[in-house]
Structure formats: C-alpha cells, structure tokens
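Residue numbers for the sequence shown follow the working numbering, so the first one is 812 and each next one is one higher.
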Amino acid sequence: MPALRIEGYVIVSADGMLADARHIMPDALKFESDQAFFSAALDRSDLIVHGRNSFEDQPNSPRRVRVILTRTVSAVAPDPKNPKATLWNPHGASFEQACHFAGVSLGTVAIIGGPGVFAMFMDRYDTFWLSQAPRVRLPGGQGCFPGVPDRTPQQILASHGLKAGERVMLDAAEDVSVIPWRRETAYTSP
Ligand SMILES: NC(=O)c1ccc[n+]([C@@H]2O[C@H](COP(=O)([O-])OP(=O)(O)OC[C@H]3O[C@@H](n4cnc5c(N)ncnc54)[C@H](OP(=O)(O)O)[C@@H]3O)[C@@H](O)[C@H]2O)c1
C-alpha cells in the first residue's frame, strides 16, 4: 500500500470550466453545500497541494499544512508568508521530497488545482471528487484539466483509469452534485 493517498477536488460548470475567461473562479461556481463538502474534506486531509493561484481561502485555511507549486524557488523552500506552507518547484524536487519537507510521509493528500497541477497527478489519484454545477456555463472559460473542452472532464478521468462511483447530491435546488472517480488498482511508483 502506498503511504500517501491522493485525492483530487474540483467544481466545474456544465462545460467543464473551473474558472471564467479571466481565469478567476466566479461566484456562480461557489455553492454553500459544495464549499462545506470541500472544507470538511480538506480538514480531514494531512496535506493540501495547489498552484500559486488556487489557495482555497476558507476559515480553516491557516491551520492546514500545504505545498504550493511555484517557479519562484528552484526546488523546495519554506514559504516566508506562511509557516505551514512549503514552496515547491517540481523541476528541482520530486513530489515525495516536497511532502518530506512539509513533514508529511503518510496520510491523505488533497490536490486542489489549478488545471496543470491536477494534470500532474492524473495517474496517481486514488479518488477524484468531481463536483458539477450543470446550470452554470462559462463559455471561453478555463477548463478544469488541460484538454477540456475538446474532451470532457469525465473522458479525461476515465482515460486515466478512474471509474465513476455513485453521485452524491449536494444542493438539489441547484442540481449541484459530486461524483467520486475511483481507481481500482493502486498506483505503484515506476
Ligand atoms: N472551480 C474549482 O474548483 C477551482 C479549483 C482550483 C482552482 N480554481 C481557480 O482556477 C484558477 C486557476 O489558476 P491558474 O491557472 O493560475 O492555476 P494555479 O495552478 O493555481 O496557479 C498557476 C501558478 O502556479 C505555479 N505552478 C503551477 N504549476 C506549476 C509547475 N508545474 N511548476 C512550477 N510552478 C507551477 C506557478 O506559479 P508562479 O507564477 O509563482 O511560478 C503558476 O503561475 C484560479 O482562479 C482558481 O481560483 C478553481
């Protein structure tokens, strides 16, 4: 069993976007029920990983241990602005080295974006939690993964060996739900 369990989280519009054309997550994609689901999941996680622009900005954020991808460092370094954060450039250090620097060697890692960061872990997710807001459309927006909208997020997850589980309704009035996409065979390092 790998020591680190890798889980991904995103909410997307009907057209598979995680942000609008300005690469900003609009309020239209923020739902109390999904935010509560996301926040509870991050509270249970041992480590959060995200690109510099995907900070989740929640009340519990200061308590969370995190790794932030950035090219402003050459490998790994402490974040001078946040004692619980490690800055990581994958060009200079492996994911395992970044986790080690952050003090996490086992438990659950939550990958929370943006698109390039999601893509880096595509073959490693144990579960990817895909929340969907089918009444929101963001034409010309930023796809949740590289390759969207030419392919749907679901096609991309399936092409990396993940299978859709049972839909969980989060907000019936807005038709917002989340589907866990699970891997049946665990990742083994090459
Ligand atoms: N709907 C959702 O659930 C959801 C989820 C996540 C994000 N979002 C939104 O989507 C947007 C994503 O923003 P974004 O496209 O700018 O993505 P991002 O990954 O959050 O930030 C990009 C920055 O992260 C760093 N980075 C990313 N990949 C890297 C790599 N391989 N190596 C080194 N550094 C790397 C770089 O920082 P430096 O410039 O410092 O080098 C890069 O400029 C935001 O508006 C966010 O709020 C929405």
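For glycine and all other residues, C-beta sits at the position ideal for the given N, C-alpha and C.
Bear in mind the structure is a predicted one, so any value in this text is a computation, not a measurement.
Distance, residue j Cα to residue i Cα
i    : j    : result
S942 : V959 : 15 Å
M836 : A814 : 32 Å
A778 : L840 : Outside the shown range of the chain (812 to 1001) lies residue 778, about which nothing can therefore be said.
I859 : S865 : 11 Å
P891 : V876 : 14 Å
P870 : F849 : 12 Å
L968 : F906 : 21 Å
D961 : E985 : 26 Å
Top-ranked residue by Cα proximity to residue i, from the options
i    : options                   : result
F939 : F906, G827, L880 and I990 : I990
E867 : S988, T996 and Y820       : Y820
G976 : R994, D838, D986 and E985 : R994
Beta-carbon proximity list for residue i, same chain, < 7 Å, skipping 5 on both sides
i    : result
Q908 : V887
M980 : S988
Close beta carbons around residue i, own chain, < 8 Å, minus the five adjacent residues each side
i    : result
V818 : A small fix is needed here, since residue 818 is Glu in this sequence, not Val. Taken in chain order, the residues that qualify are A852, S856, T919, V920, A921, I922, Y936, D937, T938, F939 and W940.
Sequence-distant residues of the same chain with beta carbon closer than 6 Å to residue i, five excluded per side
i    : result
P957 : P926 and A930
Would you mind listing the beta strand (DSSP E) stretches within the stretch 872-952 that are 3+ residues and don't spill past its ends, in chain order?
877-880, 887-890, 893-899, 918-922 and 938-944
Touch check for the stretch 912-932 and the stretch 886-901: three-plus C-beta pairs under 8 Å?
yes
Taking 8 Å as the threshold, find out whether the stretch 824-834 comes into contact with the stretch 949-964 through three or more Cβ pairs.
yes
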